[in-house]
Amino acid sequence: MVDEEAKSLPMELSEKRGVENNGFVQNEAFDDKEIDTSSQEEMPKMCIIGVNPAATEEPALEPYAGMPKEVLLKFSSQARYRVTREILFWLIITAAVMLVCATIAIIALSPKCLDWWQASPIYQIYPRSFKDSDMDGNGDLKGIQEKLDHIMHLNIKTIWITSFYKSPLKDLGYGAEDFYDIDPMFGSMSDFENLLAAIHDRGLKVIMDLIPNHTSDKHRWFQLSRNRTGKYTDYYIWQDCLQAGTAVAAPNNWVSVYGNSSWQFDDVRKQCYFHQFGKEQPDLNFRNLAVQQEIHDIIKFWLGKGVDGFSFVAVKFLLEATHLRNEPQVNKSQNSESITAYSELYHDYTTTQVGMHDIIRSFRQTMDQYSREPGRYRFMGSDGDEKEDIGATMMYYGTTFVQEADFPFNFYLINMKTLSGNSICEAVNLWMKNMPEGKWPNWAVGSPNTARISSRFGKKYVSVINMLLLTLPGTPITYYGEEIGMENIESENVSEEYINSDLVTFPEKSPMQWDGKVNAGFTAGNSSWLPVNPDYQSVNVEAQTTWSNSTLGLYRELTLLRNNELPIHRGWMCYIWNDSNVFVYVRELDGLDRVFMMVLNFGQKSTIDLKAIVPSLPSEAVIRLSTNFSNTGKAVDTKIIKTEAGEGLVLEYKTEKPVHTMEDFQENCFVAEKACYSSAFNLLYVNC
């Protein structure tokens, strides 16, 4: 039965014109035939017995995670995916363009960032008197390194170290015997390199002195020049002069800064050499290009060591007139033979000669070669102290197109003869009104060659002068010890062994007073090169660190205020009142409604109605800082501001009408690096 059914199945398929599967047997007849797919009779509809037709349809493919490239490409051209992709692409492009444009706009509108020499006060150190590390009684470079934390504590980031070149110390190091070496009194080159590394490790900068005008007579160049050796023959200024016994007939009437003729006869060369300072400090001949190149090489040497800047000293003396004519007398009726003092002549032919600024600018160009690295700008200061001619002083800034010094050091506060609100205002106004547009001011109230504040004006004025120094626009310069109110030592305390000549004075160079121990903590040796001031047990760093109302404590609070508050850091300054007692000024910033007003008393007890002077002032202001710490935080009536002699107040208030926008005060308002504040974006911009 089964066999019969099996035999009948192929016959049924054949009758239905199906194709018989003969396995691997080739059907030649089938291969030779062409199938006409267009004929319904030739290819009748086929059906599958026992199979659901719906099951044979391929299921719709959907996207899934991890799909291969071949599957992904099937969907990439579909509209819903293509449009989304294009929208995202253009959104990213638009956002990138907007980000670039916003960055360019911020850069274009942002004010120039303050450089390191603008952002921080400068702390000037006379190294021989700062700290002795080896018990020989002389301060040294290792001693400075030991006390770097004190400078950090003051919130100061720039140190200015006065001359420490190898020198006979005839003028306290200002006549170098070797510009490439350290005087053994201060240490070695290795000590300097360690100090420099320690300074930079703390994020500090260091400036050093450079005195290009002259050298010591012990310098190798001078020894070669006096013997007329090769190129060194004309490294100094030599002139024929007559000698009759001990008397010398000088080429002209020129007088040195320290008095008497500026010409000295040399027994070796049988000529006179010129010296603007001591006879042990012969002037270099800067009309000799080889001499100029020597100074450029010295600059490169120290910048290569990593020094961050220079203070160029005595630069107005670099050139002298070649005609050697006598300088005019101040008193024309005076007997010319009796002239011995520097002040008795007008120094028309020995200072600020044509070409002098070109030499200084060439120094600037050499320094600029080392300023190309980001964050490694090299500062250049000069001591253009033209007491009688503010215009001549301002020339040291350079021109609009040719930069010279970043700033000439400002000694106008130092040179004041009397202290009052009026004299302070006059000194501040003189500098700010004459300073070229876009330049940066600076202020100093002490130096190695000037009596200390407390000795010039009295102890009670130390803190208020520090308050002035640290709230004026620009860079403040503090001479070591002024932060604790040190005084000069009495001249009679200086023993004869310390004095080489009458060229210098020592009272303001007494050792730094660190604590109340023997020698004020300056040295662990038996004595110091100069005696310590007898007040060291109360006037010292250690004691004032713990006092709540100390000069040191106020100094530190003022540096914090300066560093943290934009109006004081770089805003407008407008002075609104001055009289014989007080000097009042404000610090403001466009876009910021917070204002700081300084009320500083440099005279006697005073009461002032500030509301009457500036009607838009609020009725009350808060004392942000005071020379009397107990007053800090109190509110004061702006109609009745009382100050004692030597008292200073930093008042804070809010206003919608800053003083610098008022027509009545336009002539009294100044800004160095203009900036405006945007509270919406919390940033500074320039187009106010």
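Residue numbers (this note's numbering): 292 to 979.
Ideal placement from N, C-alpha and C gives every residue a C-beta, glycine not left out.
Keep in mind the model is a prediction, meaning the values are calculated, not measured.
Reference residue i, options the options, closest by Cα
| i | options | result |
| --- | --- | --- |
| Y417 | P906, M499 and H587 | M499 |
| L845 | E799, L760 and E778 | L760 |
| P802 | K808, N855, D574 and P822 | P822 |
| F692 | T709, D674, F700 and R652 | R652 |
| F961 | P858, D697 and V736 | P858 |
| H566 | H587, V559 and T641 | T641 |
| D482 | G434, K509 and E468 | G434 |
| L843 | V753, V877 and K496 | V753 |
| D762 | S917, R663 and S401 | The displayed chain sequence assigns Thr, not Asp, to residue 762. With distances taken between Cα atoms, T762 lies closest to S917. |
| P909 | V830, P619, M888 and G494 | M888 |
| K591 | T643, T657 and P764 | T657 |
| K980 | I705, G672 and D955 | The question about residue 980 has no answer, for the chain in this structure spans 292 to 979. |
| E911 | A834, V927 and S921 | V927 |
| T923 | G646, V941, G937 and E778 | V941 |
| V832 | R861, L636 and Y771 | Y771 |
| W408 | N720, P699 and K750 | P699 |
| K730 | Q620, M686, P459 and F477 | M686 |
| G536 | D558, E954 and R517 | D558 |
| L773 | G357, D900 and Q415 | Note on identity: in this sequence residue 773 is Glu, with Leu being the wrong assignment. Nearest C-alpha to E773: Q415. |
| R915 | L852, G521 and Q895 | L852 |
| Q530 | G737, N429, L615 and P949 | L615 |
| I490 | I528, I447 and D469 | I447 |
| P459 | E571, S553, G357 and P542 | E571 |
| C865 | E468, E958 and G672 | E958 |
| C404 | C967, F972 and A971 | C967 |
| L580 | L636, Y523 and E635 | Y523 |
Beta strand (DSSP E) segment containing residue i, residue limits
| i | result |
| --- | --- |
| W451 | T449 to I452 |
| Y968 | C967 to S969 |
| P767 | T766 to Y770 |
| S839 | Careful: S839 lies outside any beta strand (DSSP E) and carries neither H nor E. |
| G672 | F670 to S673 |
| I899 | S897 to I899 |
| D557 | W554 to D557 |
| A926 | A926 to D928 |
| L533 | L533 to A535 |
| A683 | From DSSP, A683 is part of no beta strand (DSSP E) but of the alpha helix (DSSP H) over I681 to M685. |
| V497 | K496 to L501 |
For residue i, the first and last residue of its enclosing alpha helix (DSSP H)
| i | result |
| --- | --- |
| D482 | M480 to D492 |
| N757 | V753 to T762 |
| Y372 | A370 to L400 |
| D649 | M647 to D659 |
| D588 | L580 to K596 |
| V913 | Run containing V913: none in the alpha helix (DSSP H); it sits in the beta strand (DSSP E), E911 to S917. |
| V719 | G712 to N725 |
| F513 | R511 to R517 |
| F291 | Nothing can be reported for residue 291, as the shown portion of the chain is limited to 292 through 979. |
| E437 | L432 to E437 |
Whole-angstrom distance between residue j and residue i, CA atom to CA atom
| i | j | result |
| --- | --- | --- |
| M426 | G816 | 4 Å |
| I340 | A370 | Confidence at I340 is low in this model, with a pLDDT of 48, below 50, so its placement is unreliable and the value that follows should be read with caution. Their backbone Cα atoms lie some 42 Å apart in a straight line. |
| I867 | T766 | 22 Å |
| Q534 | A540 | 6 Å |
| L710 | A735 | 15 Å |
| W805 | Y827 | 8 Å |
| Q555 | I650 | 26 Å |
| D793 | V604 | Residue confidence is low: D793 scores 35 on pLDDT, short of 50, so the model does not pin down where it sits. Its coordinate-derived value is still stated next. So the alpha carbons of these two residues sit roughly 21 Å apart. |
| L439 | K496 | 11 Å |
| G712 | Y471 | 46 Å |
| I502 | H860 | 32 Å |
| I715 | S829 | 29 Å |
| V977 | I398 | 10 Å |
| I378 | K365 | 20 Å |
| Q562 | Y527 | 11 Å |
| N869 | I586 | 46 Å |
| A696 | Y688 | 5 Å |
| Y633 | R519 | 31 Å |
Cβ-heavy atom distance, residue i to the ligand FMN, below 6 Å
| i | result |
| --- | --- |
| G434 | For the ligand FMN, the structure offers nothing, since it holds no ligand at all. |
Residue i at chain D interface by Cβ criterion, 7 Å
| i | result |
| --- | --- |
| K496 | Chain labels in this structure do not include chain D; a single protein chain is all it has. |
Three or more C-beta pairs closer than 8 Å, one from the stretch 572-584 and one from the stretch 382-391: is that the case here?
No, they do not touch.
Any chance the stretch 896-908 sits against the stretch 721-739, with 3 or more Cβ pairs inside 8 Å?
No, the stretch 896-908 is not in contact with the stretch 721-739.
Using 8 Å as the cut-off, can you tell me whether the stretch 737-745 makes contact with the stretch 872-880, which would need three or more C-beta pairs spanning the two stretches below that distance?
Under the Cβ criterion (8 Å, minimum of three pairs), the stretch 737-745 does not count as touching the stretch 872-880.
List in chain order: all unbroken alpha helix (DSSP H) runs of 4+ residues lying wholly within the stretch 930-961.
List check, alpha helix (DSSP H) in window: nothing returned.
Given 8 Å, three or more beta-carbon pairs between the stretch 471-480 and the stretch 444-463
Between the stretch 471-480 and the stretch 444-463, the count of Cβ pairs shorter than 8 Å is three or higher; the stretches touch.
Which runs of the beta strand (DSSP E) spanning at least 3 residues fall entirely within the stretch 845-910, listed in chain order?
Within the stretch 845-910, the beta strand (DSSP E) runs of at least 3 residues that lie entirely inside it are, in chain order, 863-869, 873-879, 885-892 and 897-899.
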